[in-house]
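Down below is the structure, laid out as structure tokens.
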Amino acid sequence: MKWLIALAVIWLVWRYMPRPARPKPAPRLPRDEADALAILDLPPGADVEAIRQAHRRLIGQVHPDRGGSADLTRRVNAARDLLLARRDA
1 MKWLIALAVI WLVWRYMPRP ARPKPAPRLP RDEADALAIL DLPPGADVEA IRQAHRRLIG
61 QVHPDRGGSA DLTRRVNAAR DLLLARRDA
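Heads up: the sequence shown begins at 1 in UniProt numbering, then just goes up one per residue.
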């Protein structure tokens with residue numbers, strides 16, 4: 001009978017023992033211009049002003065201060081940076 005109680009205690013400790021948190025996967029950043037355009041919901045060949053307007057609109061929705069997440073903000077910023085770098089080059 002004592003072994004049954006010991007087994008129950010071991011099971012309870014194992015069951016409710018805190019587990020290490022799983023690491024979050026890194027946000028999928030845009031790899032090319034097509035990905036960046038899709039993230040910002042822009043047509044191909046969008047000009048600099050359209051990129052800036054789309055970025056401003058999306059940042060207003062996904063910024064952590066407005067209920068969004070840092071990962072989404074990072075994706076939107078990376079998409080803007082990639083597109084603007086290609087337009088400036």
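Think of the CB as a built atom: it goes at the ideal place given N, C-alpha and C, for glycine as much as any other residue.
Asked: Just to confirm, is the Cβ distance from P44 to A36 under 8 Å?; Found: no
Asked: Got a sec, what are the start and stop residues for the alpha helix (DSSP H) H55 sits in?; Found: V48 to V62
Asked: Alpha carbon to alpha carbon, what distance is there between P18 and A8?; Found: 18 Å
Asked: Using the Cα positions of S69 and I59, report the straight-line distance between them to the nearest angstrom.; Found: 10 Å
Asked: Report the residue from A79, L82, Q53 and R74 whose alpha carbon sits nearest the alpha carbon of A26.; Found: R74
Asked: Under three-state DSSP, which class holds K24?; Found: coil
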